[in-house]
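Colleague:
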Amino acid sequence: MAKVNPKRTPMREQNPKVRAHNFDEVPYGYTPEEAIAEAQRCLQCRKPSCVKGCPVEVDIPGFVGRIAEGAFLEAMKIMKRTNVLPAICGRVCPQETQCEGECVLGKKMEPVAIGNLERFIADWEAEQKECVMCEKLPPTGKKVAVVGSGPAGLTVAGDCLKLGHEVVIFEALHKPGGVLVYGIPEFRLPKAIVQREVQFVCDTGARLVLDYVVGKTRTVDELLADFDAVFIGTGAGRPWFMGIPGENALGVYSANEYLTRSNLMKAYRFPEYDTPIVRGRQVATIGGGNVAMDSARTALRLGAERSMVIYRRSREEMPARAAEVHHAEEEGIEFHFLTNPVRYVTDEEGWVRAVECLRMELGEPDASGRRRPVPVEGSEHRIPVDTVVVAIGNGPNPLIPQTTPGLEVAKRGTIVADPLTGRTSKRGVFAGGDIVIGAATVILAMGAGRIAAKSIDDYLKTGIW
Amino acid sequence: MTTILKKEIVAPGIKRFELSAPDVARKARPGQFVVLRVNEQGERIPLTVADLRPDDGVVVIVFQEVGKSTRLLGTLEPGDTILDFIGPLGRASEIEKFGTVVCVAGGVGTPEIYPVARALKQAGNHVISILGFRSIGLRMMEQEMTAVSDELIVTTDDGSYGTRGFVTDALRAVIERGTKIDRVFAVGPVIMMKMVSKLTEPYRIATVVSLNPIMLDATGMCGVCRVEVGGETKLACVDGPEFDGHKVDFDLLMKRLKVYLPEEKRSLELFEAECGRSGCCGGTTRCQ
Numbered sequence: 004m005a006k007v008n009p010k011r012t013p014m015r016e017q018n019p020k021v022r023a024h025n026f027d028e029v030p031y032g033y034t035p036e037e038a039i040a041e042a043q044r045c046l047q048c049r050k051p052s053c054v055k056g057c058p059v060e061v062d063i064p065g066f067v068g069r070i071a072e073g074a075f076l077e078a079m080k081i082m083k084r085t086n087v088l089p090a091i092c093g094r095v096c097p098q099e100t101q102c103e104g105e106c107v108l109g110k111k112m113e114p115v116a117i118g119n120l121e122r123f124i125a126d127w128e129a130e131q132k133e134c135v136m137c138e139k140l141p142p143t144g145k146k147v148a149v150v151g152s153g154p155a156g157l158t159v160a161g162d163c164l165k166l167g168h169e170v171v172i173f174e175a176l177h178k179p180g181g182v183l184v185y186g187i188p189e190f191r192l193p194k195a196i197v198q199r200e201v202q203f204v205c206d207t208g209a210r211l212v213l214d215y216v217v218g219k220t221r222t223v224d225e226l227l228a229d230f231d232a233v234f235i236g237t238g239a240g241r242p243w244f245m246g247i248p249g250e251n252a253l254g255v256y257s258a259n260e261y262l263t264r265s266n267l268m269k270a271y272r273f274p275e276y277d278t279p280i281v282r283g284r285q286v287a288t289i290g291g292g293n294v295a296m297d298s299a300r301t302a303l304r305l306g307a308e309r310s311m312v313i314y315r316r317s318r319e320e321m322p323a324r325a326a327e328v329h330h331a332e333e334e335g336i337e338f339h340f341l342t343n344p345v346r347y348v349t350d351e352e353g354w355v356r357a358v359e360c361l362r363m364e365l366g367e368p369d370a371s372g373r374r375r376p377v378p379v380e381g382s383e384h385r386i387p388v389d390t391v392v393v394a395i396g397n398g399p400n401p402l403i404p405q406t407t408p409g410l411e412v413a414k415r416g417t418i419v420a421d422p423l424t425g426r427t428s429k430r431g432v433f434a435g436g437d438i439v440i441g442a443a444t445v446i447l448a449m450g451a452g453r454i455a456a457k458s459i460d461d462y463l464k465t466g467i468w
Numbered sequence: 003m004t005t006i007l008k009k010e011i012v013a014p015g016i017k018r019f020e021l022s023a024p025d026v027a028r029k030a031r032p033g034q035f036v037v038l039r040v041n042e043q044g045e046r047i048p049l050t051v052a053d054l055r056p057d058d059g060v061v062v063i064v065f066q067e068v069g070k071s072t073r074l075l076g077t078l079e080p081g082d083t084i085l086d087f088i089g090p091l092g093r094a095s096e097i098e099k100f101g102t103v104v105c106v107a108g109g110v111g112t113p114e115i116y117p118v119a120r121a122l123k124q125a126g127n128h129v130i131s132i133l134g135f136r137s138i139g140l141r142m143m144e145q146e147m148t149a150v151s152d153e154l155i156v157t158t159d160d161g162s163y164g165t166r167g168f169v170t171d172a173l174r175a176v177i178e179r180g181t182k183i184d185r186v187f188a189v190g191p192v193i194m195m196k197m198v199s200k201l202t203e204p205y206r207i208a209t210v211v212s213l214n215p216i217m218l219d220a221t222g223m224c225g226v227c228r229v230e231v232g233g234e235t236k237l238a239c240v241d242g243p244e245f246d247g248h249k250v251d252f253d254l255l256m257k258r259l260k261v262y263l264p265e266e267k268r269s270l271e272l273f274e275a276e277c278g279r280s281g282c283c284g285g286t287t288r289c290q
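Chain order of the listed sequences is A and B.
Reading the first sequence from the start, the letters are residues 4 to 468 in my numbering.
Reading the second sequence from the start, the letters are residues 3 to 290 in my numbering.
(1) Check whether the Cβ atoms of P141(A) and G167(A) sit closer than 8 Å, and answer yes or no.
(2) Return the CA-CA distance between V170(A) and I403(A), expressed in angstroms with no decimal places.
(3) Where does K367(A) land, buried or exposed, given buried means 16+ other C-beta within 10 angstroms?
(4) For chain A, check one thing: does any of its Cβ atoms lie closer than 8 Å to the Cβ of C289(B)?
(5) Within the stretch 307 to 342 of chain A, note down every full beta strand (DSSP E) run reaching 3 residues or more, in order along the chain.
(6) What first and last residue would you give for the alpha helix (DSSP H) that runs through K464(A)?
(7) With a cut-off of 8 Å on the beta carbons, I'd call V391(A) and A287(A) a contact; round off their distance for me.
(8) With 8 Å as the limit, tell me which residues of the stretch 218 to 233 of chain A have their beta carbon closer than that to any beta carbon of chain B; keep them in chain order.
(9) In or out: T287(B) buried (at least 16 other Cβ within 10 Å) or exposed?
(10) Is the Cβ-Cβ distance between T4(B) and F65(B) less than 8 Å?
(11) Are any of the Cβ atoms in chain B nearer than 8 Å to that of R22(A)?
(12) Rounded to whole angstroms, how far is the Cβ of S458(A) from the Cβ of G425(A), which I believe are closer than 8 Å?
(13) Can we say the stretch 216 to 230 of chain A touches the stretch 378 to 394 of chain A, given the rule of at least three CB pairs closer than 8 Å?
(14) Do we get a CB-CB distance below 8 Å when we pair M197(B) with the residues of chain A?
(15) Please report whether the beta-carbon of T221(B) lies at a distance below 8 Å from any beta-carbon of chain A.
(16) Closest to M311(A) by CA distance: which of L305(A), R300(A) and R318(A) is it?
(17) Starting from F135(B), follow the beta strand (DSSP E) in both directions and report where the run begins and ends.
(18) Give the DSSP-derived three-state secondary structure of G118(A) in the structure shown.
(19) Take V1(B) as the anchor and find which of G92(B), L75(B) and V110(B) has the nearest alpha-carbon.
(20) Contact criterion: CB-CB distance below 8 Å. Does V226(B) meet it with respect to chain A?
(21) Can you confirm whether L410(A), when its beta carbon is compared against all beta carbons of chain B, has any partner nearer than 8 Å?
(22) Please tell me whether S280(B) has its Cβ less than 8 Å away from any Cβ of chain A.
(23) What are the uninterrupted segments assigned as beta strand (DSSP E) that are 3 or more residues long and contained completely in the stretch 52 to 101 of chain B, given in chain order?
(24) Taking only beta-carbon positions, decide if S95(B) is within less than 8 Å of chain A.
(25) Cα-Cα, which of A38(A), T34(A), L46(A) and P13(A) is closest to K6(A)?
(26) For F273(A), which residues in chain B fall below 9 Å Cβ to Cβ?
(27) Could you have a look at V26(B) and say whether DSSP puts it in helix, strand or coil?
(28) Name the residues in the stretch 382 to 400 of chain A whose C-beta lies less than 9 Å from a C-beta of chain B; which are they?
(29) Kindly confirm or deny that the stretch 180 to 191 of chain A and the stretch 202 to 217 of chain A touch, where touching means at least three C-beta pairs closer than 8 Å.
(30) Short of 6 Å in beta carbon distance, which residues of its chain neighbour Q290(B), apart from the five on each side in sequence? Order them along the chain.
(31) How is the beta strand (DSSP E) around P368(A) delimited, first residue to last?
(32) Contact criterion: CB-CB distance below 8 Å. Does R346(A) meet it with respect to chain B?
(33) What ranges does the beta strand (DSSP E) occupy inside the stretch 402 to 442 of chain A, keeping only unbroken runs of at least 3 residues that lie completely in it?
(34) What is the DSSP secondary structure of C282(B), reduced to helix, strand or coil?
(35) Just to confirm, are E359(A) and V377(A) a CB contact at a threshold of 8 Å?
(36) Between the Cα of F66(A) and the Cα atoms of F340(A), R453(A) and I117(A), which residue gives the shortest distance?
Below, the structure written as structure tokens:
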């Protein structure tokens, strides 16, 4: 084998100064030549550690090897055996801590850009006239209801269809995709791409019912009368707030509201679209995760002169992906580390005008393993703002736990499900994704979906609970 | 897609639609609401369920045309469709035999309180209803409310019909004449619900109000509908919409309802400039 290039093939991106004012996707994707060059860096390890790092166990050497040969269609066939959402995963998975984090090359040089290659192959397929269809087992005559069309639900649906079961997906919103459409902005994950992958699951045979709130329009028990199994993947919908004075002031948003208005309802195109959004000039986003980065970058694109991220720990503890933080910095987001809001100051009409903060120091590690932030006495200071986005996390959506007797729920409102099978306390009912583990990543939800689908199949075949 | 079966003008600027929505009709209970979106560019609009005919799969909504979205909705005709119709949402009213209940409604709150009053009557309560309107031309649903009430009082602000004054004046009169009231239900403008709650508090009459904050997804996800009740933050869409009127921070609610006033004004102006004034869209085509 020829000498491996120590550097990965870079992906071209929109100029930060330009993109900070539009909602178009930031990276452009690889050309076929770039993809082949990058794929050829793969050592094709016989015992690939990258696969172990992937929650859905994509055959990485398999698909990367085919790309290296220019056999893109073959690469896609391999991909779709385990992953029906490659264009999404290629864009939003935290590859650096998963597949790429385990890549052998990464020990001495830059790891293979597996995420970029996954994205390339999915986008390449979309440009072809025909797409690779999933191989399906003969129909079993069993019916599975999937509640929620986010990453967990779509994965369960895809896998159950492949196993020959009939699938109906119920979605409460008017568009399928869950957090992929309401939460993640267009510049990071274009909605057309989500639509394409949802369409693929439908083309594989799923029936999609929108505007249908399971727990309200119909309960889980009512679904059990018509379906052999029910999978609950309703996600972590309920936004958390800090519970500090002034948090209900005008101009203080939850990240969910801010992003839903902008993404799902297209408020950035108001008044062409009817849903409004406050276009703040001085916007503070509270939190340090990917959702915070998405919110701060959205604020910039909505015309903020100053878009700030206020995070109570230091840069090292930030849960956001390094690439997102980097993108945010390039675009001019201001970071205020070791800073914690204590209250919001409002004007007479109730609008937020400043956020009062304390400076923090890092003490001993806490339960999360991160160093605990401790306030510095007398360090109160005010940052002038006209809009605030609170992005400190979300709890489980309460609608189904509220209306499903016999379904065991943990203290924080998550549904209790066996991590190895996705089985809940209720016969025939499975759950996975954020509704079980709390707010996490797209790929973890997909991993849970794969486990649940396998277990649903076992249950439908054997009847053993 | 949900089809409009019937359209009526209840009062100037207030319209009543019968819609074909069997799933919602089967499940909805008094006090619950629906969310609808007219077309792809539309907002998600929450509206209380005004009546139901579960056997026919019919849901009734009554709405006041205030901004662009409700104006656009009002241009639709029987046979037209609404893109999205979601429900029932929120918790149902707590209906039981309380004894004597007073149902207080202001303006377009009347169709909202109607199913609640009817259910209270069916549960064996002595129902006194007080309806308030600005003037005679805006009164609505008097017959329906008479049918489900043991006593009906109508007030108008200008005295053009019924008793002159506000609903609170009529309620005070009922309290002062010595009627023992076990519970009050109030639906209407925030200021009306606030004044009703203020009036009943010293008498310790349990008072339920149905709140109407701005909503977006209305399934507990976005948090825009947060209201403060007894010092705690609640989400009106999943924890409500009904709350104890003596504990609600009405002033905060009134402030929060104003967040998008400039945008709403702009939207309505554009709508009027384009097709609203002349009624050119003849129902659907251009506005969709």
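For each residue, glycine too, the CB sits at the ideal point set by N, CA and C.
Modeller: Checking against the coordinates, here is how it stands:
(1) yes
(2) 20 Å
(3) At residue 367(A) the sequence reads Glu, which differs from the Lys that was named. E367(A) is exposed by the Cβ-count criterion.
(4) Interpretation of C289(B) is limited by its pLDDT of 42, a score under 50 that renders its predicted location unreliable; no figure is taken from the coordinates.
(5) 309 to 313 and 337 to 339
(6) V445 to T465
(7) 5 Å
(8) K219, T220 and R221
(9) Any reading at T287(B) must be qualified, since the residue scores a pLDDT of 39, below 50, and its modelled position is unreliable; the value itself is stated next. Exposed, by the Cβ-count rule.
(10) no
(11) no
(12) 5 Å
(13) no
(14) no
(15) yes
(16) R300(A)
(17) H128 to F135
(18) helix
(19) With chain B represented from 3 up to 290, any question about residue 1(B) goes unanswered, as that position is not in the structure.
(20) yes
(21) no
(22) Caution applies to S280(B), whose pLDDT of 48 falls short of 50 and renders its modelled position unreliable; the model cannot decide the point.
(23) 60 to 66 and 86 to 91
(24) no
(25) L46(A)
(26) E265, R268 and S269
(27) helix
(28) V393, N397 and N400
(29) no
(30) Note on Q290(B): pLDDT 37, under 50, position unreliable in the model; the coordinate value appears next. Answer for Q290(B): N41, listed in chain order.
(31) V355 to P368
(32) no
(33) 432 to 434
(34) The predicted model places C282(B) with a pLDDT of 47, which falls under 50 and marks its position as unreliable, so this point remains unresolved.
(35) no
(36) I117(A)
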